[in-house]
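Everything on this sheet refers to the single structure shown next.
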């Protein structure tokens, strides 16, 4: 189970652009915004990508990635972890980040699900604000973000910070 946790967190090797992508993904996993991923946060993020972790498994996964010994995964720990993973794992990381925002089971990010996710991150927004944010990246004009649109947004070096991802 730890290896699948590592795979779900995997992303690409270091570069300025990849660092930004990893930072965005880390912020999605860090639900309370304290700069650390706790076992509980890891458990919820893994559930979002269809992986169930017990409390014990989540704690073991965090211990295995915790390079500084504080019992949590900080951004530096996260960077070391994902740098050891291959490029092919980036999609799984993005899928996990997408799952944080896609909370209605519709397979897309709606203004309502974006509002809920941002609220959990301490960013209160109206439905209209969220609709505007989505329109910035909604390539087909359907009013929601598909995973492909989300992936393009996250991987774009010129991505606006309107989504707070």
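In my numbering, the protein residues as written are 170 to 334. For each residue, glycine too, the CB sits at the ideal point set by N, CA and C.
- Within the stretch 190–265, no beta strand (DSSP E) run of at least 3 residues lies entirely inside it.
- Counting along the chain, residue 277 sits inside no alpha helix (DSSP H), nor does DSSP assign it H or E at all.
- Counting along the chain, residue 320 sits inside the alpha helix (DSSP H) bounded by residues 316–324.
- The continuous alpha helix (DSSP H) containing residue 301 extends over residues 296–304.
- Judged by beta-carbon spacing, residue 318 lies within the 8 Å limit of residue 307, meaning their Cβ atoms are closer than that value.
- The three-state reading of DSSP puts residue 286 in helix, counting H, G and I together.
- Judged by pairs of C-beta atoms under 8 Å, the stretch 217–236 does not touch the stretch 285–303, as fewer than three such pairs exist.
- A straight line joining the alpha-carbon of residue 232 with that of residue 271 spans about 28 Å.
- In the three-state DSSP reduction, residue 269 falls in the helix class (H, G or I).
- By the criterion of a C-beta distance shorter than 6 Å, residue 247 is surrounded in its chain by 195, once the five residues flanking it on both sides are discounted.
- In the three-state scheme derived from DSSP, where H, G and I count as helix and E and B as strand, residue 187 is classed as helix.
- Leaving aside the five residues that flank residue 267 on each side, the residues in its chain whose CB is nearer than 6 Å to its CB run, in chain order, 316 and 319.
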